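Same order as they appear, the protein sequences are chains H and P. Mapping the first sequence onto the UniProt record's numbering, position 256 (from 1) lands on 256, and the numbers just tick up by one. Mapping the second sequence onto the UniProt record's numbering, position 311 (from 1) lands on 311, and the numbers just tick up by one. Note that CB positions come from ideal geometry on N, CA and C, so glycine has one too. This one's a predicted model, so the numbers in the text were calculated from it and none came from an experiment. So the structure is just underneath, and the comments pick up after that.
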Amino acid sequence: MLHKRTRRTIALSITAIAVLIAAVATWLIRQRLGHASMATGWTLLASVGLLMLLGLRKKLVMLPILPVRVWTQFHIYTGLFALAIYLMHVPVVIASGFFESTLSLLFLSVAGSGLYGVWISRRGAKRLTAIAGEYRFDRFGWHRRTLADRAAEILTEVGQTGDVPVIAQFYRERLQHYFSTRPSLAYVLVPTSHRKRRLLTELGELDRYFATNVKQAAGRLAALIRTRDDLDYHYATQLRMRMWLAIHIALTVAMLVFIVVHVLMVLRFQGA
Amino acid sequence: MGTTSTIEIRRPQRWDQPFDPDMQDRDVQWLSSLSPFSEMDKAAFPASTPLDGVLRNDCRIRHVQPGEVIVREGDYGNSAFLVIAGSVRAVLGQLPPQSLGRTTAKQKGWLSAISALWKQPRFPEVRTVDQITPGGSSRVQQHGDTASIFLQDFDGIVTHQRTLQIGPGEMFGEVAAMYRAPRTATVVADSEATLVEVRWQGLRLLRRDRVLAEQLEQNYRTNWLMIHLRETPLFRFLPENCLQKVADATLLRSFGRLEWHSDYRRTRKLPPVEQIESEPLVAMEGHLPTDLLLIRSGFARVCSRHGEGHRTLAYLGKGHMFGLREIVHNTYRDTNQAPVTLQESLRAVGFVDTLHIPIEVVAEYVLPFIRRSELPDPISRDDQQARARHDIASQVPTGMLEFIVQERLNNGRQAMVIDLNACTRCDDCVKACATTHNGNPRFTRSGPANDGIQFTQACMHCADPVCMIGCPTGAISRHPETGTVSVHETICIGCGTCAASCPYENIQMRTMRDPQGRMYFDESAGLPIMKATKCDLCQSQPSGPACQNACPHDALVRIDLGNLEDLSDWISRRR
Ligand code: SF4
Ligand code: SF4
Numbered sequence: 001m002l003h004k005r006t007r008r009t010i011a012l013s014i015t016a017i018a019v020l021i022a023a024v025a026t027w028l029i030r031q032r033l034g035h036a037s038m039a040t041g042w043t044l045l046a047s048v049g050l051l052m053l054l055g056l057r058k059k060l061v062m063l064p065i066l067p068v069r070v071w072t073q074f075h076i077y078t079g080l081f082a083l084a085i086y087l088m089h090v091p092v093v094i095a096s097g098f099f100e101s102t103l104s105l106l107f108l109s110v111a112g113s114g115l116y117g118v119w120i121s122r123r124g125a126k127r128l129t130a131i132a133g134e135y136r137f138d139r140f141g142w143h144r145r146t147l148a149d150r151a152a153e154i155l156t157e158v159g160q161t162g163d164v165p166v167i168a169q170f171y172r173e174r175l176q177h178y179f180s181t182r183p184s185l186a187y188v189l190v191p192t193s194h195r196k197r198r199l200l201t202e203l204g205e206l207d208r209y210f211a212t213n214v215k216q217a218a219g220r221l222a223a224l225i226r227t228r229d230d231l232d233y234h235y236a237t238q239l240r241m242r243m244w245l246a247i248h249i250a251l252t253v254a255m256l257v258f259i260v261v262h263v264l265m266v267l268r269f270q271g272a
Numbered sequence: 001m002g003t004t005s006t007i008e009i010r011r012p013q014r015w016d017q018p019f020d021p022d023m024q025d026r027d028v029q030w031l032s033s034l035s036p037f038s039e040m041d042k043a044a045f046p047a048s049t050p051l052d053g054v055l056r057n058d059c060r061i062r063h064v065q066p067g068e069v070i071v072r073e074g075d076y077g078n079s080a081f082l083v084i085a086g087s088v089r090a091v092l093g094q095l096p097p098q099s100l101g102r103t104t105a106k107q108k109g110w111l112s113a114i115s116a117l118w119k120q121p122r123f124p125e126v127r128t129v130d131q132i133t134p135g136g137s138s139r140v141q142q143h144g145d146t147a148s149i150f151l152q153d154f155d156g157i158v159t160h161q162r163t164l165q166i167g168p169g170e171m172f173g174e175v176a177a178m179y180r181a182p183r184t185a186t187v188v189a190d191s192e193a194t195l196v197e198v199r200w201q202g203l204r205l206l207r208r209d210r211v212l213a214e215q216l217e218q219n220y221r222t223n224w225l226m227i228h229l230r231e232t233p234l235f236r237f238l239p240e241n242c243l244q245k246v247a248d249a250t251l252l253r254s255f256g257r258l259e260w261h262s263d264y265r266r267t268r269k270l271p272p273v274e275q276i277e278s279e280p281l282v283a284m285e286g287h288l289p290t291d292l293l294l295i296r297s298g299f300a301r302v303c304s305r306h307g308e309g310h311r312t313l314a315y316l317g318k319g320h321m322f323g324l325r326e327i328v329h330n331t332y333r334d335t336n337q338a339p340v341t342l343q344e345s346l347r348a349v350g351f352v353d354t355l356h357i358p359i360e361v362v363a364e365y366v367l368p369f370i371r372r373s374e375l376p377d378p379i380s381r382d383d384q385q386a387r388a389r390h391d392i393a394s395q396v397p398t399g400m401l402e403f404i405v406q407e408r409l410n411n412g413r414q415a416m417v418i419d420l421n422a423c424t425r426c427d428d429c430v431k432a433c434a435t436t437h438n439g440n441p442r443f444t445r446s447g448p449a450n451d452g453i454q455f456t457q458a459c460m461h462c463a464d465p466v467c468m469i470g471c472p473t474g475a476i477s478r479h480p481e482t483g484t485v486s487v488h489e490t491i492c493i494g495c496g497t498c499a500a501s502c503p504y505e506n507i508q509m510r511t512m513r514d515p516q517g518r519m520y521f522d523e524s525a526g527l528p529i530m531k532a533t534k535c536d537l538c539q540s541q542p543s544g545p546a547c548q549n550a551c552p553h554d555a556l557v558r559i560d561l562g563n564l565e566d567l568s569d570w571i572s573r574r575r
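Have a look at this one:
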């Protein structure tokens, strides 16, 4: 078996050669005053057809027709090829007129979301591994509740040992909400450790008002704040990785509808 | 606040859990009056483990009915049987699996595999009645407090198969019990018979009796040793007479506890240094090699001293050798050179069975018949081979090697391993597993991880499938050719023994429903019908393991963790 990097180099080279051949063919057709856009159009349609096969293959996991990983690679490089053909096909990157410009935008967003998918799959996977914890997507709610319960328990425990108004107030005003709510959309889109740092700083500033046993409880709460932040980071990254696929598929469906109309129109006007 | 107080508890004793808690004094007396126990030298047994103690704690008396299956070919057992009265019959040919209640999963065609997509049941674990109760030529029957399989057409089978009658005073199943090998024949009760079942620990103690020990060893030497030596690839060109000389000189030894799985939960928590030091030493680094070691079963860790601890360099499993390089070097060295000592130590991981061939015998009867190209290079300062070996180890970092051994993952022949740096946590693997199992995924994407690699909790189809030990009906068994460990649901009585024995918690007990979602209940006990469920490696699917097929990111493989090169190769291919 080849090293992944070697495979990538080979696949990129094959794609580049295919693009080069298509470019030369287009140039030759144009030189002979032929309809290069017809050739690129049909090539693009064929590429889109090939790109659709991945979805089908994923449904038929039980069949021995090359593993999905091979189809995914094929999908990525065919996508790159299709993008290059698109650029040869269109007179301007975003065509004018409502229909054509929408189709251009749809194509570019499908391609863009695809490229984003390749990037986030690699980067997201590595980031998830680097941040402590391993969480299953269907269990995030349970993990959040467990952390919230542990934070509440710490407060109850420390409350039994004496008068703890400062930490109790801080918990009520700042932590209870942090632990009991889901991360915001803004956090999901751009996860930052800003909130965590602010809470830890505020908790640290209160340190001088705490008795020794409360200090220990505050330390445990700080650990929970960090864990919750890691959990949210995992959640945001996993959610984005799932969301991009849903968006990619939705855009693809819309693009297909527009492509069908576009092809029908081309055939109609060509025949006319 | 420090404390110096101690808690006094009773140290668990060797016989805290007798094999048969109902064994009575009179049973022990009766057994000791029978041959071969009556002829045994009681003085050969130490005071802490007397013969009577063995009979009371490590034996149980079994009465079997005609047609009752006592052991099945392919089963894993840790007990041997002695016939006291009546007779049993070993079926030497293969019985059709169906007659033992084992239904082999039929490979689906493409069409039926696809059509299953539309037939996904609405409820979990849906089965038809004939999928969960035995039909045809076998039946499960409660017999005393155990469930047994009975052969329906016993007479017909005996007439058409080559069989061997085993009568009073004869023993069977001892090799499988001593060496945790699969049973090689199915044994069925011929008539009403009484047997003494001796568990492995007891058998080991009984070997203190010289006559029995010699008889057992002789049986092994006559029936098995030559076969095992012949299976060793390096010995393939040895003439028969040399192989016989090797067999005659070979010593059989065992290290560690066969029931490693019961210690596993405790030892895996120990720090690596302590864990390694707790492992029985098979051969010690720095000592002159005296024997060539051949691993017959179990696992061993190859390690060398490093600072205050030990560095794990590799682990060995069935068929691997230890000490060959040093022996070859010493045999062919110049006469003015000093012999080298063992470069590494070998330690039993849980349990290991070894064959020891003395070096003189190796030099005379083995080395001349091994191709020079297959022999390891002599040891030198700038040692090529040592470097090659360390290259393997360097792809699999020492930390990971230690982790694998500590978690006993080296047992996995088809372990599910995920590269977390490539895994997007999309769960396509789990969904694919569910799709191929009527909507019931057979694993969850979780499990111990080390250095960005997760060893997922899915049945690993182990080299030593301890889950199979103790299954009363033989419902969990290993495919003789593919090695896949699967559950034959028709005869699984849902006792949960396998789930409790699997050290990796890879078996789940599930309640069964009919296609309308109604739970099945046992008509006599009124309890829900449970079955053991686990990864079956998608045996019936045309694609093979769906999880591996479905991963879009090339993050998941099924891999033999007993073979370090496979793992090393996979690690080196990652981006
Ligand atoms: S069930 Fe457990 S012990 Fe049995 S083969 Fe699978 S992983 Fe190994
Ligand atoms: S299919 Fe591959 S990438 Fe997705 S969760 Fe499974 S191992 Fe990870």
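Verify the contact flag: residue i, CB atom, against every heavy atom of ligand 1, threshold strictly below 8 Å.
i, result
"His437 (chain P)", "no"
"His488 (chain P)", "no"
"His461 (chain P)", "yes"
"Ile507 (chain P)", "yes"
"Pro441 (chain P)", "no"
"Asn411 (chain P)", "yes"
"Pro503 (chain P)", "yes"
"Met468 (chain P)", "yes"
Measure from the C-beta of residue i to each C-beta in chain P and report whether the shortest distance is under 9 Å.
i, result
"Pro183 (chain H)", "no"
"Arg69 (chain H)", "yes"
"residue 279 (chain H)", "With chain H running from 1 to 272 in the structure shown, residue 279 (chain H) is simply not present."
"Val188 (chain H)", "no"
"Phe137 (chain H)", "yes"
On the DSSP letters alone, give me the boundaries of the beta strand (DSSP E) that residue i sits inside.
i, result
"Gly81 (chain H)", "First, the amino acid is wrong: residue 81 (chain H) is Phe here, not Gly. First-last for Phe81 (chain H): 68-89, but that is the alpha helix (DSSP H), not the beta strand (DSSP E)."
"Phe81 (chain P)", "79-85"
"Ser297 (chain P)", "291-306"
Ligand 2 and residue i: does any heavy atom of the ligand fall closer than 8 Å to the residue's C-beta?
i, result
"Ile418 (chain P)", "yes"
"Trp553 (chain P)", "It is worth fixing the name first, because residue 553 (chain P) is His in this sequence and not Trp. Yes."
"Leu556 (chain P)", "yes"
Does any residue of chain H bring its CB to less than 9 Å from the CB of residue i?
i, result
"Pro552 (chain P)", "yes"
"Cys426 (chain P)", "yes"
"Asn440 (chain P)", "no"
"Arg257 (chain P)", "no"
"Pro36 (chain P)", "no"
How would you label residue i, buried or exposed, when you count the other beta carbons within 10 angstroms and need 16 or more for buried?
i, result
"Val28 (chain P)", "buried"
"Asn549 (chain P)", "buried"
"Val430 (chain P)", "buried"
"Arg464 (chain P)", "Position check: residue 464 (chain P) holds Asp in this sequence, whereas Arg was assumed. Buried, by the Cβ-count rule."
"Ile249 (chain H)", "exposed"
"Glu523 (chain P)", "exposed"
"Trp142 (chain H)", "exposed"
"Asn411 (chain P)", "buried"
"Ala185 (chain P)", "buried"
"Pro91 (chain H)", "exposed"
"Ala82 (chain H)", "buried"
Counting along the chain, where does the alpha helix (DSSP H) carrying residue i start and finish?
i, result
"Lys4 (chain H)", "4-31"
"Thr435 (chain P)", "428-436"
"Pro165 (chain H)", "165-170"
Using a threshold of 8 Å, is the CB atom of residue i nearer than that to any non-hydrogen atom of ligand 4?
i, result
"Cys538 (chain P)", "Annotation note on ligand 4: not contained in the displayed structure, which lists ligand 1 and ligand 2 as its ligands."
**OP:** Would you list, in chain order, the members of the UniProt domain "Cyclic nucleotide-binding" (62-128) of chain P that have their beta-carbon closer than 9 Å to a beta-carbon of chain H?
**Re:** Correct list: Lys108, Trp110, Ala113, Ile114, Ala116, Leu117.
**OP:** Check each residue of the region 103-126 of chain H: if its Cβ is closer than 9 Å to any Cβ of chain P, include it; give the result in chain order.
**Re:** Ile120, Ser121, Arg122, Gly124, Ala125, Lys126
Original post:
Just by C-beta distance, which residues in the region 144-161 of chain H are closer than 7 Å to chain P?
Top reply: So nothing in the stretch comes that close.
Original post:
the region 401-420 of chain P: which residues have C-beta closer than 8 Å to a C-beta of chain H, in chain order?
Top reply: Leu420
Original post:
the region 71-89 of chain H: which residues have C-beta closer than 7 Å to a C-beta of chain B, in chain order?
Top reply: Here chain B cannot be found, since the structure's protein chains are H and P.
Original post:
Got a sec: which bits of the region 218-235 of chain H sit with their beta carbon under 7 Å from any beta carbon on chain P, in order along the chain?
Top reply: none
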